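For the sequence shown, position 22 (counting from the first letter as 1) is numbered 150 according to our numbering, and the numbering increases by one without interruption. First up is the structure itself, then whatever we jot down about it.
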Amino acid sequence: MASKNIVLIGFMGSGKTVVSKALSKQLGWKRVSVDEIIEEQEGCRITEIFKRKGEAYFRLQEARAVKDLAQQTNVIIDCGGGIVLNPENVVVLKQTGTVFFLHATPDVIYDRLKNDKTRPLLQVPQPQEAITELFNQRLPLYRRAADIEINSNDPHLSVPVDEILKKL
Ligand code: S3P
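As structure tokens, then:
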């Protein structure tokens with residue numbers, strides 16, 4: 129592979145964390161998570177950051193973390209679902225490696241996240257509608273950012289892992 133890193137993007141619940149951990153194991157590459165870096169720097173969870181400082185503050189930290197992580201090589205970068213909202217993030221991520229879009233459909237995402245309390249954007253009265261609306265807004269952004277799109281609807285996330293390994 130000519131590129132230096134593997135970058136995983138996609139909606140919340142599309143399997144980025146599970147897939148990045150499996151790839152890390154199989155390739156012997158380090159996994160880095162944009163969300164985890166921010167949580168470490170802030171000393172609290174994403175939900176708390178949203179609550180105390182707001183989404184705009186989180187997005188600034190996200191952009192900063194992307195720039196830092198992109199300096200590394202031979203890493204698998206697990207991005208938060210909103211990373212593509214900032215076009216500068218997309219430029220940086222595309223320069224740093226091959227960008228894989230894990231594409232799970234809104235129904236599958238809802239099913240995976242219906243009891244989740246860790247995604248502040250989905251703690252709303254109608255989470256299924258929120259997922260569909262956000263997903264539809266973001267789909268063109270994921271597609272524009274991606275080098276390769278991978279279906280991640282399968283409950284056995286070894287399927288997208290194998291697909292990615294084949295493409296490298
Ligand atoms: C977000 C996705 C989350 C996290 C934050 C915002 C989003 O990451 O960055 O809650 O805007 O889609 P995951 O995609 O890992 O859940």
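Every residue gets a Cβ at the ideal spot worked out from N, C-alpha and C, and that includes glycine. The structure displayed is predicted, hence computed values, not measured ones.
Identify which residue in GLY208, VAL220, PHE228, GLY210 has its Cα closest to the Cα of LEU151. PHE228
Buried or exposed: which applies to LYS179, given that a residue is buried once 16 or more other Cβ atoms fall within 10 Å of its Cβ? exposed
Bridge-paired residues (DSSP) for VAL162: For VAL162, which the question treats as bridged, DSSP gives no partner whatsoever.
With distances taken Cα to Cα, identify the nearest neighbour of PRO248 among LYS132, VAL162, GLU183, PHE139. GLU183
Can you give me the C-alpha to C-alpha distance between LEU188 and ILE204, rounded to a whole angstrom? 21 Å
Can you tell me whether ASP206 is helix, strand or coil according to DSSP? strand
Any idea what DSSP makes of PHE228, helix, strand or coil? strand
Rounded separation between ARG266 and VAL212 - CA only: 8 Å
DSSP three-state label for ASN243, please. coil
Shorter than 7 Å, the distance from the beta carbon of GLY182 to the closest heavy atom of the ligand HEM, or not? Inclusion of the ligand HEM in the displayed structure is not the case, the ligand content consisting of the ligand S3P alone.
Exposed unless 16 or more other CB atoms sit within 10 angstroms - verdict on TYR238: buried
With burial defined as no fewer than 16 other Cβ atoms inside 10 Å of the residue's Cβ, what is the status of ASN202: buried or exposed? exposed
With respect to 7 Å, is the separation between the Cβ of LYS144 and the closest non-hydrogen atom of the ligand S3P below this value? yes
Boundaries (first-last residue) of the alpha helix (DSSP H) holding LEU197: 183 to 197
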